[in-house]
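2 protein chains.
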Amino acid sequence: MRVRVEWRISLALTGTVLKYLSIPLLVPLAVALIYREEIFTFSLTILFALIAGHALEKLSSETELRMREAMLFVAITWLAVAIVGAVPYLIAGVGTESSLAHPVNALFESMSGFTTTGATVMDEISYERHSHAILLWRQLTQWLGGMGIIVLMVAILPELAMNGAQLVQSEAPGPQLQKLTPRIAETARILWFVYIGFTLLYVIILSTLHFTGYAPEMTAFNAIAHAFTTLPTGGFSPEANSIAAFSPAVQWVAIPFMIIAGTNFALFWYILRGEGNLLFRNPEFRTYITAIGTFSALLAGMLYFGAAPSLSELGGTTAGAMENSLRQSAFQITSLLTSTGYATSDFVAWDGSGKLVLLFAMFVGGSAGSTGGGIKVVRWLVSLKFLRREIFAAVHPDAIRPIRLGGTVVDEEVVRSILGFTFMYLFVFVFATLVIALDASRIGYSLTPLEAFSASLATIGNIGPGFGSIGPFGSYLAFPDSSKIVMIFLMWIGRLELFPVLVLLTRSYWRS
Amino acid sequence: MRVRVEWRISLALTGTVLKYLSIPLLVPLAVALIYREEIFTFSLTILFALIAGHALEKLSSETELRMREAMLFVAITWLAVAIVGAVPYLIAGVGTESSLAHPVNALFESMSGFTTTGATVMDEISYERHSHAILLWRQLTQWLGGMGIIVLMVAILPELAMNGAQLVQSEAPGPQLQKLTPRIAETARILWFVYIGFTLLYVIILSTLHFTGYAPEMTAFNAIAHAFTTLPTGGFSPEANSIAAFSPAVQWVAIPFMIIAGTNFALFWYILRGEGNLLFRNPEFRTYITAIGTFSALLAGMLYFGAAPSLSELGGTTAGAMENSLRQSAFQITSLLTSTGYATSDFVAWDGSGKLVLLFAMFVGGSAGSTGGGIKVVRWLVSLKFLRREIFAAVHPDAIRPIRLGGTVVDEEVVRSILGFTFMYLFVFVFATLVIALDASRIGYSLTPLEAFSASLATIGNIGPGFGSIGPFGSYLAFPDSSKIVMIFLMWIGRLELFPVLVLLTRSYWRS
Ligand SMILES: [K+]
Ligand SMILES: [K+]
């Protein structure tokens, strides 16, 4: 086993990804042509992607990645793509008052896109201020990020785990994705097919609502723009008021699609193969649905009985209004639990208990093998089973009781690794909260503890909105640049499930 | 192995403890005589303790405890003692407007005392409202609780771990307490000797300050009252303004004594035996001191540069005042980190970042083998080493790297058990936060998320004060009774390190 890291191979492969990035960059270019906007921005970005990609590709002609090079490739690629993705914001921002003209803001917005976080630093989201091309590019970055995550979850991370690294064991207890089809590339293609299929279905349903009069605001542009950010649990919207800008019918339709986006995509493949019964026998899916249902019911009751008293404009009054309470509750819970980050209500104005319920939902995360972020349901499931066993072990010290998931025994190494991930996630989240709070204190920017907590959680969990100034209709613009850089880092490592980035920070990765 | 739980043996032993409780009850009786207050309250309580103790003792004549009976004994005893300890509050409260006349409040205050939590539900702490005897009894409950914890940590929990239960492994990586002397009872006596010695030393130093004019308010009564609640990391004070009622000299002296209270008492025994060098070679002690120093330095800087702008009355202005910034910072950090809970400043008024630093200090906890509550330093140490190893393992999947503490390898079972505890603690804390928030919402009592978080953390961690209405100069009185009962439960299980109580809630403890 050679130990030196062949970083050239990783960078060369990153170069290939950058070159391929020029293809989807044609989409906003086409949008610019359709809306008769300037085409300079995206033409130049395409050129930049091709040149940068080509230059990196020159570094090595090898394409076989070993474990360490694969980790480096994953980490560097997400960063490089975010940098290239920031170029249009910078070019389009030149000479305007757009906050995205600032490099840190541009990178923040781009990283937030490609990591499907959905946190924004735009001062004003409007067609007066920004072109259709830029606003659609922002949506598209999330859809591309979602495709990247599927490859990452299906092809790369399990591959590293198969090498014994056990980086991410999230797949292991669920359906064995890599066993769906003999070859991993084939699996990725199948799941992309599911992903693209649901995106198209969503566009069709939204457009149907529009043409039948149930969704006056949901134009074709809006339908595509939102389909681009629903399936990847992204949350960006070209509307400043997110999904509150649309009719209740649209809001109700968005809920099942957010649920789909947070579900293990392999399960849909089973359904397509006629093995749909596997869906409800899957322990993660059952817990996921139960969690959404329980949180929603709880919150709906609270809203109905007045947990959102000052709510008037966005979302409307829920107290005593059954349908609205249910819809606001189910929408916000699904959105935050799956890490999508859309909103139909300014939950910043809800009372303390209502906010707490949302905060807890934010800790759950999507399912393994989905585009959802956060700790993920299967990890909570294993962690809670571990805790139950610890109580049992206190009474029966000599008993050996394996942890089971859906009838199969979870390997103790996997259990340990899941505990390690969950712990690491909580630790980085808490540590980052402190850093963000201290950084704000340094420049005298007033930040409540809840704001600091949610800023850290919403970025590492790739959720998007938080509480206070960073609420669903607010922005991260007011944070100092240093805090924004910390959050760019959080979005990045959160999306890559921590370890592929964290190992790069250790000496033993590079030296031994 | 017989499996049925012989609960009669446990209860009989609890009866013996209740009988012994009548001895310290003579102290407030004596105080009542000295201050010419009514002696009815404590005479009746002594009678009650003797009768209840005697009745329970009748249940069984056996004294040998097996593992399950020991767990039951520990859990029941703390509850029974708290109930008897609440009797004086109830009797003295009859016919007065004291909030302690309400049974739930009385039990809350008593449980808060015996678990050395220091959270109060008294509406007014003053000699006009309460007798010296009652106010000293409140202090004494904490000192007795501290003695109980020492026995628990030294004699009972390690004994259960020796049976293989590995209930609490906190001792294991530190100095092996049970090996200090051949017999456990002897060890407990030695540590009681250290505990009583420091209590006396503290009274002497405080009284010296008083007689030399450095502490005008620190009368003999106050010196004893505060010595009773410093060494057990208790935090109760007969002064409504806690330690803010005393001179800076008193505040500076309290800091090292709080640090001592949070230190593994076995280390002092080493010092007495002339092996003082072991103190600074002890990894937990080093981390503990480093944590206090780092947090204090950080906060002192923040206070100096204005993190407590609205601070005027209590604690005084810190901005630009070096000594005051240092003192306020070191005092509050030491108090909250060790879970003592005294205050010299109304930190509820500090800015968001200042409060967050305090909140994080509250998560640390004291050392193993101390009277401090919380997760405890050694558990964090092992948990962080585990995380570091997880990163290492991601790169070196096949390498076997044991976790070391002070040169010795920590058994993997112990590591697992520590992770289990830390996780369980965080889980119960978060779950209880939600329960408290929902309960408040139910009755329309307005509670911020930070208030709910701190209420849960301050009670399960046996810390005492939190943020908002339950700040250091506030009280828990406004919570609904149902929430208070939840918090009584939290104080109880937090003090007993969760598992001895949690196992009682499982069917497998009673049945198999
Ligand atoms: K998101
Ligand atoms: K305390």
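Sequences listed follow chains A and B, in order. Each residue of the first sequence is one higher than the one before, starting from 1 at the first, in my numbering. Each residue of the second sequence is one higher than the one before, starting from 1001 at the first, in my numbering. By construction, the Cβ of each residue, glycine as well, lies at the ideal position given by its N, Cα and C atoms. Predicted model, so just to flag it, every value in this text is computed and none were measured.
query                                                                                                                                                                                                              : result
What residue from E1062/B, S1060/B and S1022/B has the CA that sits closest to I1051/B's CA?                                                                                                                       : S1022/B
Below 7 Å, is the gap between the Cβ of S370/A and the nearest heavy atom of ligand 1?                                                                                                                             : no
Do you know how far the Cα of I1418/B is from the Cα of R388/A?                                                                                                                                                    : 14 Å
Tell me whether G1474/B counts as near ligand 2, meaning its Cβ is closer than 7 Å to at least one heavy atom of that ligand.                                                                                      : no
Taking A12/A and L79/A to be in contact with their CB atoms under 8 Å, please state how far apart those CB atoms are, rounded to whole angstroms.                                                                  : Going by Cβ atoms, the distance from A12/A to L79/A rounds to 15 Å, so no, they are not a contact pair.
On the DSSP letters alone, give me the boundaries of the beta strand (DSSP E) that V559/A sits inside.                                                                                                             : Look at the range of chain A in this structure, 1 to 512, and you will see that residue 559/A is not part of it.
In the structure shown, what three-state DSSP assignment does L405/A receive?                                                                                                                                      : strand
Quick one: Cα of H54/A to Cα of T16/A, how far?                                                                                                                                                                    : 7 Å
Using the C-alpha atoms, what's the distance from A1188/B back to S1367/B?                                                                                                                                         : 17 Å
Find the residues of chain A that neighbour K1355/B, judging by a C-beta separation of less than 8 Å, and give them in chain order.                                                                                : P449
What does the alpha-carbon distance come out to for the pair L1180/B and R1273/B?                                                                                                                                  : Since pLDDT at L1180/B reaches only 45, below the 50 mark, its modelled position is unreliable, and the value read off the structure follows with that caveat. Looking at the two C-alpha atoms, the distance is approximately 11 Å.
With 8 Å as the C-beta to C-beta threshold (strictly closer), list the residues of the region 29 to 61 of chain A near chain B in chain order.                                                                     : none
Less than 8 Å between CB atoms is the rule here; does G1374/B satisfy it with respect to chain A?                                                                                                                  : no
With a threshold of 8 Å between beta carbons, is M153/A in contact with chain B?                                                                                                                                   : no
When every heavy atom of ligand 2 is checked, does at least one fall within less than 7 Å of the C-beta of G951/B?                                                                                                 : What is shown of chain B runs 1001 to 1512, which leaves residue 951/B out entirely.
Can you tell me which of S1469/B, A1478/B, F1489/B and G1306/B puts its alpha carbon nearest to the alpha carbon of T1459/B?                                                                                       : F1489/B
Any C-beta of chain A sitting closer than 8 Å to the C-beta of G1174/B?                                                                                                                                            : The predicted model places G1174/B with a pLDDT of 39, which falls under 50 and marks its position as unreliable; any figure quoted below should be read in that light. No - not a single Cβ of chain A is within 8 Å of the one on G1174/B.
Could you check whether the Cβ of G967/B sits closer than 8 Å to any Cβ belonging to chain A?                                                                                                                      : The structure shown has nothing for residue 967/B, since chain B only spans 1001 to 1512.
Do S1370/B and N1264/B have their C-beta atoms closer together than 8 Å?                                                                                                                                           : yes
Please state whether DSSP places V486/A in a helix, a strand or coil.                                                                                                                                              : helix
Taking Cβ positions only, does E1275/B come closer than 8 Å to chain A?                                                                                                                                            : no
Could you check whether the region 440 to 449 of chain A touches the region 82 to 101 of chain A, counting it as contact only if at least three pairs of C-beta atoms, one from each stretch, sit closer than 8 Å? : no
Starting from T1334/B, trace the alpha helix (DSSP H) in both directions and tell me its first and last residue.                                                                                                   : M1322 to L1337
State yes or no: is the beta carbon of M1302/B nearer than 8 Å to at least one beta carbon in chain A?                                                                                                             : yes
Out of curiosity, what's the CA-to-CA distance linking G354/A and L303/A?                                                                                                                                          : 8 Å
Tell me the start and end of each unbroken alpha helix (DSSP H) in the region 416 to 473 of chain A that is at least 4 residues and wholly inside, in chain order.                                                 : 449 to 460
Does V194/A get closer than 8 Å to chain B when you measure Cβ to Cβ?                                                                                                                                              : no
Relative to chain A, which residues along the region 1487 to 1510 of chain B have a C-beta separation below 7 Å, given in chain order?                                                                             : F1499, L1502, V1503, T1506, S1508 and Y1509
Do the region 1325 to 1332 of chain B and the region 1214 to 1234 of chain B meet, that is, are 3 or more Cβ pairs less than 8 Å apart?                                                                            : no
With DSSP as the reference, label D481/A as helix, strand or coil.                                                                                                                                                 : helix
Just to make sure I have the definition right: I need the residues of chain A whose C-beta is within less than 9 Å of the C-beta of G1461/B. Which are they?                                                       : None at all; the shortest Cβ gap to chain A is about 15 Å.
Of all the residues that make up the region 117 to 147 of chain A, which are near chain C by a beta-carbon distance shorter than 9 Å?                                                                              : Here chain C cannot be found, since the structure's protein chains are A and B.
Using C-beta distances below 7 Å, list every residue in its chain close to A165/A, excluding the 5 sequence neighbours before and after it, in chain order.                                                        : Any reading at A165/A is ruled out, since the residue's pLDDT is 29, under 50, leaving its predicted position unreliable.
Is the beta carbon of G365/A sitting closer than 8 Å to the one on G235/A?                                                                                                                                         : no
Listing by chain order, which chain B residues have their CB less than 8 Å from the CB of L434/A?                                                                                                                  : L1356, V1357 and F1360
With a threshold of 8 Å between beta-carbons, can R68/A be considered close to chain B, or not?                                                                                                                    : yes
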